[in-house]
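Right, one structure below, let's go through it.
Number of protein chains: 2
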Amino acid sequence: MPNPTAAMLVIGDEILSGRTRDANMHHLAGALAKAGIDLVEVRVLPDRPDRLVPAIREMAAAHDHLFTSGGIGPTHDDITADCVAEAMGAPIDVRDDARAILQAHYDRSGQELNAARLRMARVPDGAELIDNPISAAPGFSLRNVHVMAGVPTIFEAMVASLLPRLTGGTPLLSQSLRIERGEGDIAGPLAELAAEYQDLSFGSYPFNRDGIYGANVVVRGSDAARVDAALVRLSELFPDAVA
Amino acid sequence: MPNPTAAMLVIGDEILSGRTRDANMHHLAGALAKAGIDLVEVRVLPDRPDRLVPAIREMAAAHDHLFTSGGIGPTHDDITADCVAEAMGAPIDVRDDARAILQAHYDRSGQELNAARLRMARVPDGAELIDNPISAAPGFSLRNVHVMAGVPTIFEAMVASLLPRLTGGTPLLSQSLRIERGEGDIAGPLAELAAEYQDLSFGSYPFNRDGIYGANVVVRGSDAARVDAALVRLSELFPDAVA
Numbered sequence: 023m024p025n026p027t028a029a030m031l032v033i034g035d036e037i038l039s040g041r042t043r044d045a046n047m048h049h050l051a052g053a054l055a056k057a058g059i060d061l062v063e064v065r066v067l068p069d070r071p072d073r074l075v076p077a078i079r080e081m082a083a084a085h086d087h088l089f090t091s092g093g094i095g096p097t098h099d100d101i102t103a104d105c106v107a108e109a110m111g112a113p114i115d116v117r118d119d120a121r122a123i124l125q126a127h128y129d130r131s132g133q134e135l136n137a138a139r140l141r142m143a144r145v146p147d148g149a150e151l152i153d154n155p156i157s158a159a160p161g162f163s164l165r166n167v168h169v170m171a172g173v174p175t176i177f178e179a180m181v182a183s184l185l186p187r188l189t190g191g192t193p194l195l196s197q198s199l200r201i202e203r204g205e206g207d208i209a210g211p212l213a214e215l216a217a218e219y220q221d222l223s224f225g226s227y228p229f230n231r232d233g234i235y236g237a238n239v240v241v242r243g244s245d246a247a248r249v250d251a252a253l254v255r256l257s258e259l260f261p262d263a264v265a
Numbered sequence: 023m024p025n026p027t028a029a030m031l032v033i034g035d036e037i038l039s040g041r042t043r044d045a046n047m048h049h050l051a052g053a054l055a056k057a058g059i060d061l062v063e064v065r066v067l068p069d070r071p072d073r074l075v076p077a078i079r080e081m082a083a084a085h086d087h088l089f090t091s092g093g094i095g096p097t098h099d100d101i102t103a104d105c106v107a108e109a110m111g112a113p114i115d116v117r118d119d120a121r122a123i124l125q126a127h128y129d130r131s132g133q134e135l136n137a138a139r140l141r142m143a144r145v146p147d148g149a150e151l152i153d154n155p156i157s158a159a160p161g162f163s164l165r166n167v168h169v170m171a172g173v174p175t176i177f178e179a180m181v182a183s184l185l186p187r188l189t190g191g192t193p194l195l196s197q198s199l200r201i202e203r204g205e206g207d208i209a210g211p212l213a214e215l216a217a218e219y220q221d222l223s224f225g226s227y228p229f230n231r232d233g234i235y236g237a238n239v240v241v242r243g244s245d246a247a248r249v250d251a252a253l254v255r256l257s258e259l260f261p262d263a264v265a
């Protein structure tokens, strides 16, 4: 059975304007590879409902899972929950379970659960909450759409809460070999090997640092014995390479 | 006149698998903001023609510019040039001008311009070359699609070669204020200010470090006087904030 597929939607003007460098894509990609869920598309879009709603609808329909990052805080630019509800045709309002979590959190810290903070309890009908051990305001899963915060520490904690309840597949394994030869000399033998091992994927990532150049060749697949066998062949083709 | 819009397509299994953290998106986002070209969408897709060709076609049609990163080296997984040619309906083959650049480069370094390296001279008919001062193999612009390398140093050099020949608009200006108060206390006044200054965009980016929490509020727009005026108002609302 093939692995489940996933897409990610990163929401935020701050990334498109160059102000902030996204960190969540790299974290999620690594976590999904370990879980055996194949990440096949990422999009970064601005905080605009006319852009987000159709993208959420399209990406949720095309993949087994859609993970979102960003736009679930208390301020006016936090529109993700409402956009997901609209895209998925679910009613949304302040929900008692989410409100109780926020109330307990702000009671502990002596802050007021005001109207702005209460927006973070807006959760679509039928969604399952995702625990936020850092700042309380929960994420949620609405069918196959998983809505999480953009702040990296909170995003990572939510991914850790969420992943154990999703059904994964076979983890993606990878091994790499560092070959200090021009990529143009590696290309021919590598293409032949890739044709022979069609169940694996072969990537070549050139480097050029301090006058030393070459490429890291990465072999990826879900069958450990096949990945090992391909790596042995690759080492025979390039005897000076370093694992 | 509104600024030109742009999309970016990052091509690479290595980013989706979590092996490599993309750096080019953040670099391009900053460079486009300075040039007055509005980046409104980024996608990351795997090295697969069936995914790339329709995305290139759709993104090139929807935006004034499409910038691509990755997949233009000599190895079998470098398929970007052919996918762009197919998406845009342009013939592609080894082109004499690109071949001459590669020949001169490999003659200087005493390496052979073999069949694999010659693939890097495959450029669609009618495309304009983008200079690569680092490793010679050129990028190209085919109409509004700008094809560049994925290695960050080369990508950045190509962006520097390319941007001066594109017509930009008004640079996006931004100013920010660090407010050490809970985002839930900032949200109300900020929403009112955003409603008043509808030509500007207001973002709130929470932080929580070493027990100090608050948010950086960023005001963005193309009219410096308006951005300044909004920042003065914001400082009055939050007198303890730090620019």
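In order, the protein sequences belong to chains D and S. Residues in the first sequence are numbered consecutively from 23, following the numbering used here. Residues in the second sequence are numbered consecutively from 23, following the numbering used here. Just so it is clear, CB atoms sit at the ideal spot from N, CA and C, and this is done for glycine as well.
In chain S, which residues lie with their C-beta within 9 Å of the C-beta of residue i?
i	result
Q133/D	G204, G206, D207
Between residue i and residue j, is the Cβ-Cβ spacing less than 8 Å?
i	j	result
I37/S	A51/D	yes
L164/S	A112/S	yes
M142/S	P71/S	no
F13/S	V169/S	Because chain S in this structure spans residues 23 to 265, residue 13/S falls outside the shown range and cannot be described.
V66/S	E63/D	yes
A55/S	S39/D	yes
E205/S	I234/S	no
L31/D	M81/D	yes
S196/S	R43/D	no
I114/D	T102/D	no
I208/D	A246/D	no
D104/S	L151/S	no
L215/D	V167/D	no
Figure out for me which residue from the options has the closest Cα to the Cα of residue i.
i	options	result
V145/S	Y128/S, S131/S, V173/S, V106/S	V106/S
R117/D	E218/D, G225/D, G148/D	G148/D
S157/S	N166/S, H168/S, E150/S, R130/S	R130/S
D69/D	A77/D, E63/D, V62/D	A77/D
L222/S	A57/S, P228/S, A251/S	A251/S
D35/D	A237/S, R242/S, S198/S	R242/S
E108/S	P228/S, R187/S, L74/S	L74/S
M23/D	R248/D, G132/D, P193/D	P193/D
D153/D	A171/D, G132/D, A137/D, V167/D	A171/D
T175/D	G225/D, N25/D, P155/D	P155/D
D60/D	L199/D, G190/D, D115/D	G190/D
H127/S	A53/S, S198/S, G210/S, A159/S	A159/S
E178/S	P26/S, N46/S, A29/S	N46/S
S198/S	L88/S, D207/S, P228/S, Q220/S	P228/S
A138/S	S226/D, L253/D, S257/D	S226/D
R255/S	P211/S, A57/S, S244/S, R231/S	P211/S
G25/D	A57/D, N136/D, G92/D	The question names Gly, but residue 25/D is Asn in the sequence shown. Residue A57/D is the option with its Cα nearest to N25/D.
H49/S	D86/S, T90/S, A84/S, H85/S	T90/S
D99/S	F260/D, E258/D, S257/D, Q220/D	Q220/D
A83/D	N136/D, A29/D, L124/D	A29/D
N230/D	R200/D, S257/D, P186/D	R200/D
A265/S	R248/S, S244/S, V239/S	V239/S
Can you pull the chain D residues whose beta carbon is under 8 Å from the beta carbon of residue i, in chain order?
i	result
E178/S	Near E178/S there are no residues of chain D at all, since even the closest Cβ is about 13 Å away, more than 8 Å.
G210/S	N136, A137, A138
T90/S	Simply none; closest approach about 15 Å.
Following the continuous beta strand (DSSP E) through residue i, name the residue where it begins and the one where it ends.
i	result
H87/D	87-91
S163/S	161-164
P146/D	144-146
T27/S	27-33
M170/S	167-170
D60/D	60-67
I152/D	150-152
For the alpha helix (DSSP H) containing residue i, list its first residue and its last residue.
i	result
H49/S	46-57
L124/D	118-131
M110/D	102-110
I78/D	71-84
D138/S	Residue 138/S is actually Ala in this sequence, not Asp. Where A138/S is concerned, the enclosing alpha helix (DSSP H) stretches over 137-140.
Which bits of chain S does residue i rub up against, with CB to CB less than 7 Å?
i	result
D35/D	S223, G225
V173/D	P228
T27/D	None at all; the shortest Cβ gap to chain S is about 11 Å.
Just to make sure I have the definition right: I need the residues of chain D whose C-beta is within less than 7 Å of the C-beta of residue i. Which are they?
i	result
A55/S	S39, G40
L67/S	E63
D115/S	The premise fails here: D115/S is roughly 18 Å from chain D at the closest Cβ pair, so nothing lies under 7 Å.
Counting only Cβ pairs nearer than 9 Å, list the residues of chain D close to residue i.
i	result
H48/S	I37, G40, T42, R43, D44
S196/S	S39, R41
V240/S	D35, E36, S39, R41
Identify the contact partners of residue i in chain S, using a Cβ-Cβ distance below 8 Å as the criterion.
i	result
P71/D	Here the premise fails: no neighbours, minimum Cβ distance about 14 Å.
Open item on the list: To test your reading of the DSSP string, which unbroken beta strand (DSSP E) runs of 3 or more residues are found completely within the region 181-260 of chain D?
Closed with: 195-201, 223-231, 234-243
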